[in-house]
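Undergrad: Residue numbers (our numbering): 487 to 830.
Idealized CB from N, CA, C, for every residue including glycine.
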Amino acid sequence: MAFKERVFSGVQPTGNLHLGNYLGAITKFVALQERYDCIYCVVDLHAITVWQDPLELPKATREVTAAFIACGIDPQRHIVFNQSQVAEHAELAWIFNCVARMGWLNRMTQFKEKAGKDRENASVGLFVYPNLMAADILVYRATHVPVGEDQKQHLELARDIAQKFNNDFADSIRAHGHGNVFFPQPEPLIQGPATRVMSLRDGTKKMSKSEPSDYSRINLTDDADAIAQKIRKAKTDPEPLPSEEKGLETRPEADNLVGIYAALKGTSKTEVLREFGGGQFSTFKSALIDLAVARLGPIGAEMKRLGRDPAYIDSVLADGAQRAQVIAAETMKAVKDIVGFVRS
Ligand code: TYM
487 MAFKERVFSG
497 VQPTGNLHLG
507 NYLGAITKFV
517 ALQERYDCIY
527 CVVDLHAITV
537 WQDPLELPKA
547 TREVTAAFIA
557 CGIDPQRHIV
567 FNQSQVAEHA
577 ELAWIFNCVA
587 RMGWLNRMTQ
597 FKEKAGKDRE
607 NASVGLFVYP
617 NLMAADILVY
627 RATHVPVGED
637 QKQHLELARD
647 IAQKFNNDFA
657 DSIRAHGHGN
667 VFFPQPEPLI
677 QGPATRVMSL
687 RDGTKKMSKS
697 EPSDYSRINL
707 TDDADAIAQK
717 IRKAKTDPEP
727 LPSEEKGLET
737 RPEADNLVGI
747 YAALKGTSKT
757 EVLREFGGGQ
767 FSTFKSALID
777 LAVARLGPIG
787 AEMKRLGRDP
797 AYIDSVLADG
807 AQRAQVIAAE
817 TMKAVKDIVG
827 FVRS
């Protein structure tokens, strides 16, 4: 069956949106608006799988929303909302808790990383986090999901859940007139030179919101001076830049900076090395600073401006939630029939 093409993706409101979120996800969100109907969600239900200060959470939710808008997402042509305002996400997630298998979730590497050694003390929500993610996508029967590399395994799980639901309920899906398959297999969109942006302090670690050193990442709200300082201090090695991509293989810091430059410029690593290969890092870093400030400066300024207008942000979220809910409610009605729930 052909499904209507639709994009869904989410970002957690857990503070410090950084260059990895921007290049790995948000720039893709912006580009996809031209070709698809898009739904972009601030996933506050996911955020509380680890402790969130209730006084900080609303600020973080508004900040991600402001970042979406400042980066160029159009909340009128597309849908922008926060997850907790559409109850159908949690409702479908419960059904998926009963479709997904313990063994599948036990294999999730992100749970292992986040729970660490103290697994007994992790929230149950953290364990079933990927089921809620599958529900986010499938409650809109979305077909395309732009994400960074770190979400690949979760997307594979979402595809497995969709398939198992379609198989388990095949007869009921047909009996209720939904054809042979109810959920699409959502396709991950993970492309380009910056699907995994690494820490500026250690090229073997992912750039992350939770890393204690602020010098490890460039935040979307950093001003020009902070961006310049962080790039100048970024770890490198003593060799000049190689002239070909192959020369980056054993040089994670160089590889990362070249990837960042390529993604910010909208080109490939090969092209960047054609320009800077053989040169010193100092020259390359100056060019990277200029490029990063030119791209991120206006975004940070616009985020600050929007931050002074929380009523506007809340109106965007309310309007988005209303439109999202119409689609999600229709899916849930069908799912309830398929599963065999009596409804009035
Ligand atoms: P989150 O909030 O951790 O990150 C948001 C997006 O940013 C990408 N990303 C990166 N990309 C490249 N390099 C990095 N260093 C980097 N760090 C983060 C992430 O891959 C992600 O695309 N589980 C998701 C949120 C989510 C979701 C969904 C995504 C909830 N439901 C449904 C897609 C579809 C998460 O925690 O992303």
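What does the alpha-carbon distance come out to for the pair Phe770 and Ala553?
TA: Stepping through the sequence shown from its first residue, residue 770 is reached at position 284. Stepping through the sequence shown from its first residue, residue 553 is reached at position 67. Roughly 28 Å between the two C-alpha positions.
Undergrad: Does DSSP classify Asn705 as helix, strand or coil?
TA: Your numbering for residue 705 matches position 219 in the sequence shown. Correct three-state label for Asn705: strand.
Undergrad: What does Leu675 pair with, by DSSP beta-bridge criteria?
TA: Start at 1 with the first residue of the sequence shown, and residue 675 comes out as number 189. Answer by DSSP bridge pairing, in chain order: Pro632.
Undergrad: On the criterion of 16 or more Cβ atoms from any shown chain inside 10 Å, does Thr681 qualify as buried, or is it exposed?
TA: Along the sequence shown, read from residue 1 onward, the residue named residue 681 stands at position 195. Its Cβ being crowded by 16 or more others within 10 Å, Thr681 is buried.
Undergrad: How would you call Cys584, buried or exposed, if buried means at least 16 neighbouring beta carbons within 10 angstroms?
TA: As a position in the sequence shown, residue 584 is number 98, starting the count at 1. Classification of Cys584: exposed, given that the 10 Å Cβ count is below 16.
Undergrad: For Glu697, which residues from the same chain have a beta carbon less than 7 Å from its beta carbon, with the 5 sequence-adjacent residues on both sides left out?
TA: Position 211 of the sequence shown, counting from 1, holds the residue named residue 697. So the list reads Ser685, Arg703, once near-sequence residues are dropped.
Undergrad: Between Leu509 and the ligand TYM, is the CB less than 7 Å from at least one heavy atom?
TA: Position 23 of the sequence shown, counting from 1, holds the residue named residue 509. Yes, the Cβ of Leu509 comes within 7 Å of a heavy atom of the ligand TYM.
Undergrad: Is the beta carbon of Gly786 less than 8 Å from the beta carbon of Leu706?
TA: Mapped onto the sequence shown, residue 786 falls at position 300. Mapped onto the sequence shown, residue 706 falls at position 220. Yes, Cβ-Cβ distance for Gly786 and Leu706 is below 8 Å.
Undergrad: Whole beta strand (DSSP E) runs in the stretch 772-821 with 3 or more residues, listed along the chain?
TA: Listed in chain order, nothing qualifies, since the stretch 772-821 has no complete beta strand (DSSP E) run of 3 or more residues.
Undergrad: May I ask you to report which of helix, strand or coil DSSP gives His662?
TA: Numbered from its first residue, the sequence shown carries residue 662 at position 176. Of the three classes helix, strand and coil, the one that applies to His662 here is coil, per DSSP.
Undergrad: Taking a contact to mean a Cβ-Cβ separation below 8 Å, would you say Gly689 touches Pro724 in this structure?
TA: As a first step, residue 689 must be located in the sequence shown, where it is residue number 203. As a first step, residue 724 must be located in the sequence shown, where it is residue number 238. In this structure, Pro724 does not lie closer than 8 Å to Gly689 by Cβ.
Undergrad: Can you check which of these residues, Val667, Pro796, Arg605, is closest to Asp654 by C-alpha distance?
TA: As a working note, residue 654 is residue 168 in the sequence shown. Checked all of Val667, Pro796, Arg605; the closest Cα to Asp654 is Val667.
Undergrad: Would you mind giving the Cβ-Cβ distance between Ile559 and Tyr526, rounded to the nearest angstrom? I have them listed as a contact below 8 Å.
TA: Stepping through the sequence shown from its first residue, residue 559 is reached at position 73. Stepping through the sequence shown from its first residue, residue 526 is reached at position 40. So it is a contact: roughly 6 Å between Cβ atoms.
Undergrad: Quick one: grab the DSSP three-state call for His504.
TA: The sequence position of residue 504 within the sequence shown is 18, counting from 1. Residue state, collapsed to three classes: strand.
Undergrad: Suppose the cutoff is 8 Å on Cβ atoms and the five residues either side in sequence are ignored; what does the same chain contact list for His532 look like?
TA: To locate residue 532, count along the sequence shown from 1; it is residue 46. Closer than 8 Å at the Cβ level, and outside the excluded window around His532, lie Gly496, Gln498, Gln569, Tyr615, Leu618, Met619.
Undergrad: In the DSSP output, which residue or residues are listed as bridge partners for Met684?
TA: In the sequence shown, the residue the question calls residue 684 occupies position 198. According to DSSP, which records beta bridges pairwise, Met684 is partnered with Lys692.
Undergrad: Does the contact criterion of 3 or more C-beta pairs under 8 Å hold for the stretch 619-633 versus the stretch 815-830?
TA: At 8 Å Cβ cutoff, the stretches touch.
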